Each structure stands twice: as structure tokens, then as C-alpha cells.
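Position one of the sequence shown corresponds to residue 1155 (my numbering), numbered consecutively onward. Before any comments, here is the structure.
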Amino acid sequence: MSTINPLLTLNNGVQLPALGYGVFQTPPEQTRAVVEEALRVGYRHIDTAAAYGNEREVGEAVRRSGLDRSEVFLETKIWVTDYGYDQTLHAFDKSAAKLGVDTIDLLLLHQPMPPQFDLTLAAYRALETLLEQGRVRAIGVSNTMPEVLDRLLAETTVVPAVNQIEVHPYFQQRALQQVHARHGILTQAWSPIGGITVYGGGERSAFEDPTLTEIAARHDATPAQVMLAWHRQQGRSAIPKSVTPARIAENFASLAVTLSDEELTRIDALETGHRGGPDPASITQTTFDIQIPEA
Ligand SMILES: NC(=O)c1ccc[n+]([C@@H]2O[C@H](COP(=O)([O-])OP(=O)(O)OC[C@H]3O[C@@H](n4cnc5c(N)ncnc54)[C@H](OP(=O)(O)O)[C@@H]3O)[C@@H](O)[C@H]2O)c1
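Below, the structure written as C-alpha cells:
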């Protein structure tokens, strides 16, 4: 069985494995063991965030894995309460210290704050500085809609390498993905297997979708594997989360699943137009009650 994880090349030449492993909602006390398991299974790309409260344990797992630091692509995100030029430079120090690394491979702004755009802009300028100083290898954004992306592109110099956004069969953000393609921004899918359709209290679970289960049966695969093949074959990075060893392996084994064009088109047709996550247009520093502690 082939499990080649294709390398995607960012707009500054840095490469990352398309299929990564996410740790949103993974409790810190569980994080080290599950990240170690993911690395054992073959993942070489981990997505965390300051706001997830588990950067320290992600770093510990990488060190305990026996892999060289250069073999694992580490991605994390600056939380909104740390936006502002100096604050964001300091937020890098906090994340790097918790992860126990000198260099972060990909650093994102977790959310734009359209109502506080000046702070978002200052935070992005700090990312540009960190990139110039070689403390991060690539920079990007998350949950950033076209209007905000346009403003950012107009007022900064480095085009984000990545926009990490909600993408699963029920909410695909095709127009935004086209904007990314025009600017050379990689689309990275969060909730790539529709986790938000389950824990977000959605009306129906993507894991039970009849089209996905039917396609999965044809390939002797699972709906999660079908969704991950769909992302990979359409050129997206995906970062599924699981704390369940069998699912960690199952999701990685999606690399052996290849769908037909007709199947890809049928999955495209599952779009519902309903966002599972919060509306990124209205987020400010007080929307969530999260503060990022010092390292
Ligand atoms: N930038 C952002 O704002 C943002 C927002 C959300 C997520 N993210 C990132 O994206 C990552 C993934 O997104 P997500 O965690 O929201 O959703 P997801 O990866 O689509 O789904 C995770 C959920 O699906 C379950 N699951 C995993 N594999 C499965 C399988 N093979 N079969 C059935 N169920 C399975 C998991 O349960 P168990 O863990 O119990 O196995 C968990 O409840 C996050 O961990 C995070 O790194 C970013």
C-alpha cells in the first residue's frame, strides 16, 4: 500500500507534507502521547496553536519521537489577544519557547479581526519581521475572507503562504479558494473530515453522508479517508484531528485512496453553504475568553 504524503510547495519555496495532524481540543495531558503516535504512524506535519494550550506537549512529543527536528513541519498560530506589532513578536517567543524550538516552520494569525483591522495588520507586520529574521520559515493567516485578504495584500509586502480555513464537503469556500489560487496562497483545510459538523452541533454528520459512505464502500475505505483523498487530489493541505490511535492510522492511510474525477465531482456537489465555525467577520479580542500564558 502506497502512503506517499505529497509535498506541497509554498509561495516562498518552503515545502510541507500535504497531510498533517491537528490538535485542536486535544487536552494537554493527552497531547504528547497522541502526537507521538501520529509521528510513529508517519505524519511529519503537526498543526497546533497558542490558543489550544498544548504547544509544550507537541514539542515534547517531537523530541521524544527520535526524529530530527528538521523532519517534522511545525505549524502554530498567534491568538488574537496577542495582536499588535510588539505583542506578536513576543507571542512568537512564547510559542517557540513552549514548543522548544528556535524556528517555527509556519506561523499563522489565527483569526483576522475585521473590527480591529489595525491590530491584525500590526500583527501581520510582526510576522513579516520574523520571516525576515529567519525565525519562521513561512507565514500565513487563518479564517481570512476575501475582503480582509485584499486589505492585507494592499498594505503588506509578503503574500501569506497559507490561509487555513474551514473546508469539508458541506462547506467548501470555493470562491475563497479561487482567490487563493490567484495569489499563490495554499488552502489548508480545517475540520477537513467535517469534525465541526459533529462537535459543532451541525444538522448532519459528514461521516454518515450517504454519498461519502457509498464512495467509501467502493474503495474499501471509510468516509474520513474519502474526504482526505478529495482534499489531497484537489491540491489542499488537510490537518485531521483524532485522539484515537485507530483513526490516526486510518486517516494517514487515506494516502492510499485515489478517487475518480466523477467521485470528486459528486463530493463537490455536497456543498450546503452553511458554515460550521464562527463567522470570522465579527471576531474581536473579546469574542472568546482566552489569554495566552507566558512560556
Ligand atoms: N484555524 C482554525 O480556526 C481551526 C479551527 C478548527 C480546527 N483547526 C485545525 O484543524 C484540525 C482539524 O479540525 P477539527 O479538529 O475541527 O476537525 P476534524 O479533523 O475534521 O474532525 C475531528 C473529529 O472527528 C473525529 N474523527 C477523527 N478521525 C475520524 C475518523 N477516521 N472517523 C470518524 N471520526 C473521526 C475526531 O474524534 P476523536 O479525536 O475522538 O478520534 C474528532 O471528533 C484541528 O485539530 C486544528 O489543528 C483550526
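Note that beta-carbon positions come from the ideal geometry of N, C-alpha and C, so glycine has one too. In this text, all values refer to a predicted model and were calculated from it rather than measured experimentally.
Would you check if the distance between the CB atom of residue i and the CB atom of residue j is smaller than 8 Å?
{"i": "R1291", "j": "T1310", "result": "no"}
{"i": "G1176", "j": "R1217", "result": "no"}
{"i": "A1383", "j": "V1411", "result": "yes"}
{"i": "L1151", "j": "V1226", "result": "Because residue 1151 is not part of the residues shown, which for the chain are 1155 to 1449, the question remains open."}
{"i": "Q1439", "j": "Q1331", "result": "no"}
{"i": "V1295", "j": "R1390", "result": "no"}
{"i": "T1450", "j": "E1191", "result": "In the structure displayed, the chain extends from 1155 to 1449; residue 1450 sits before or after that span and is not available."}
{"i": "A1378", "j": "E1404", "result": "yes"}
{"i": "Q1326", "j": "E1425", "result": "yes"}
{"i": "I1446", "j": "A1277", "result": "no"}
{"i": "T1274", "j": "Y1239", "result": "no"}
{"i": "R1241", "j": "I1437", "result": "Just to set this straight, residue 1241 is Gln in the shown sequence, not Arg. No, these two residues do not count as a Cβ contact at 8 Å."}
{"i": "I1232", "j": "A1245", "result": "yes"}
{"i": "L1162", "j": "A1172", "result": "yes"}
Taking DSSP as the reference, what is the three-state secondary structure of residue i?
{"i": "P1268", "result": "helix"}
{"i": "Q1445", "result": "coil"}
{"i": "Q1388", "result": "coil"}
{"i": "T1298", "result": "coil"}
{"i": "F1292", "result": "Sequence check: residue 1292 is Ala here, not Phe. A1292: strand per DSSP, three-state reduction."}
{"i": "D1259", "result": "strand"}
{"i": "T1180", "result": "coil"}
{"i": "T1163", "result": "strand"}
Whole-angstrom Cβ separation of residue i and residue j, contact assumed at under 8 Å?
{"i": "P1434", "j": "N1297", "result": "4 Å"}
{"i": "Y1324", "j": "G1349", "result": "With 8 Å as the limit, Y1324 and G1349 do not qualify as a contact, their Cβ atoms being about 11 Å apart."}
{"i": "L1243", "j": "L1263", "result": "So it is not a contact: roughly 13 Å between Cβ atoms."}
{"i": "V1397", "j": "T1180", "result": "6 Å"}
{"i": "V1195", "j": "F1442", "result": "The Cβ separation is near 32 Å, so there is no contact."}
{"i": "P1346", "j": "I1421", "result": "Not a contact, Cβ separation roughly 12 Å."}
{"i": "L1409", "j": "N1159", "result": "6 Å"}
{"i": "I1293", "j": "A1315", "result": "6 Å"}
What's the C-alpha gap between residue i and residue j?
{"i": "E1229", "j": "G1430", "result": "23 Å"}
{"i": "P1300", "j": "V1333", "result": "7 Å"}
{"i": "A1187", "j": "A1215", "result": "7 Å"}
{"i": "L1285", "j": "G1355", "result": "38 Å"}
{"i": "V1168", "j": "R1223", "result": "15 Å"}
{"i": "E1357", "j": "G1174", "result": "27 Å"}
{"i": "P1268", "j": "R1372", "result": "44 Å"}
{"i": "A1250", "j": "W1344", "result": "22 Å"}
{"i": "D1304", "j": "G1220", "result": "42 Å"}
{"i": "P1432", "j": "V1302", "result": "16 Å"}
{"i": "T1365", "j": "I1200", "result": "30 Å"}
{"i": "L1306", "j": "E1368", "result": "42 Å"}
{"i": "V1313", "j": "L1413", "result": "32 Å"}
{"i": "G1213", "j": "Q1387", "result": "30 Å"}
{"i": "Q1184", "j": "P1399", "result": "12 Å"}
{"i": "T1157", "j": "L1170", "result": "15 Å"}
{"i": "S1359", "j": "T1376", "result": "14 Å"}
{"i": "R1401", "j": "A1423", "result": "26 Å"}
{"i": "E1362", "j": "R1198", "result": "29 Å"}
{"i": "G1427", "j": "A1329", "result": "12 Å"}
{"i": "V1189", "j": "D1247", "result": "22 Å"}
{"i": "G1493", "j": "D1374", "result": "For the chain, the structure presents residues 1155 to 1449; residue 1493 sits outside this window and is missing."}
{"i": "I1444", "j": "P1182", "result": "15 Å"}
{"i": "G1207", "j": "K1395", "result": "15 Å"}
{"i": "H1385", "j": "I1319", "result": "13 Å"}
{"i": "R1336", "j": "F1178", "result": "29 Å"}
{"i": "T1283", "j": "D1256", "result": "15 Å"}
{"i": "D1272", "j": "D1415", "result": "43 Å"}
{"i": "G1100", "j": "K1252", "result": "Only positions 1155 to 1449 of the chain appear in this structure, which leaves residue 1100 out of reach."}
Runs of 4 residues minimum, wholly inside the segment 1300-1382: which ones carry the alpha helix (DSSP H) assignment? 1300-1309, 1328-1337, 1349-1353 and 1364-1372
Ignoring anything shorter than 3 residues or poking outside the segment 1182-1245, list the beta strand (DSSP E) runs there in chain order. 1199-1201 and 1227-1232
Which runs of the alpha helix (DSSP H), 4 residues or longer, sit entirely within the segment 1393-1443? 1399-1406 and 1415-1422
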